[in-house]
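Start counting the sequence shown at 864; every next residue gets the next number (our numbering). The C-beta atom is built at its ideal place from N, Cα and C for all residues, glycine as well. No experiment lies behind these values; they were computed from the predicted model shown.
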Amino acid sequence: MRLRAFTIIEVLAALAIFAMAAIVMGAAYVNVLLGYAHAERATKIDADVRFAREILFRQPDLEEVEDGDEFETADGRRVIWRAIVEPTLVADLFEVEFEVELLDGNTGKGEVITERFRLLRPTWSEDDDRDKLRLEARDNITQYLEGVRGNR
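Pasting the structure below:
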């Protein structure tokens, strides 16, 4: 009577398949852990940038905005922000280049995030510039309306 069993080749093939599956599952698990760590870090960075942006939004004085500011977060990171503000052709509307530098308190390594946006801030305008831009806008509208009426 002959005994039934797996051959050595079948056993080695099964072990190879099992080893490959274990490697794939381990890599997937590590990727999930790295994803969680990245999401947590991105959330902290996003919160710091949002807070710095909120400080900028609430600042009524243009000189203080252009000087920038810095603060330290609860977990020891240092946040330094600065803004380059340029007037547009619309009264009280400004083009802002907002730069936030995030420095890790332990390692000293930094990351710089730059954003560009427009802000409507009447307190940042000079009265003479505002009046001049409004007069130019009024003249442009008047010329446009005269041109539209003349084409009828």
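List the whole-angstrom C-beta distance separating residue i from residue j, where the pair is believed to meet the contact cut-off of C-beta under 8 Å.
i, j, result
"L952", "L983", "No, L952 and L983 are not in contact; Cβ-Cβ is about 14 Å, not under 8 Å."
"R981", "V948", "The pair is not a contact, with the Cβ atoms about 10 Å apart (cut-off 8 Å)."
"A954", "A902", "Actually they are not in contact, since the Cβ atoms of A954 and A902 sit about 42 Å apart, beyond 8 Å."
Residue i to residue j, Cα distance in whole Å?
i, j, result
"E962", "E929", "11 Å"
"G968", "D994", "47 Å"
"G971", "E964", "11 Å"
"V874", "A890", "24 Å"
"E917", "V1011", "43 Å"
"N894", "M888", "10 Å"
"R904", "A879", "37 Å"
"D909", "P923", "24 Å"
"L867", "Y892", "Looking at the sequence itself, residue 867 is Arg, so the reference to Leu does not match. So the two alpha carbons sit approximately 38 Å from each other."
"G1013", "T977", "47 Å"
"L998", "R913", "36 Å"
For residue i, is the classification buried or exposed, using 16 other Cβ atoms within 10 angstroms of its Cβ as the cut-off for buried?
i, result
"A937", "exposed"
"A915", "buried"
"L1008", "exposed"
"D911", "buried"
"L919", "buried"
Would you check if the distance between the CB atom of residue i and the CB atom of residue j is smaller than 8 Å?
i, j, result
"R945", "L966", "no"
"E933", "I943", "yes"
"W987", "L925", "yes"
"D990", "P950", "no"
Tell me, please, which residues DSSP counts as bridged to residue i.
i, result
"I943", "E933 and E964"
"E974", "L965"
"F957", "P950 and L982"
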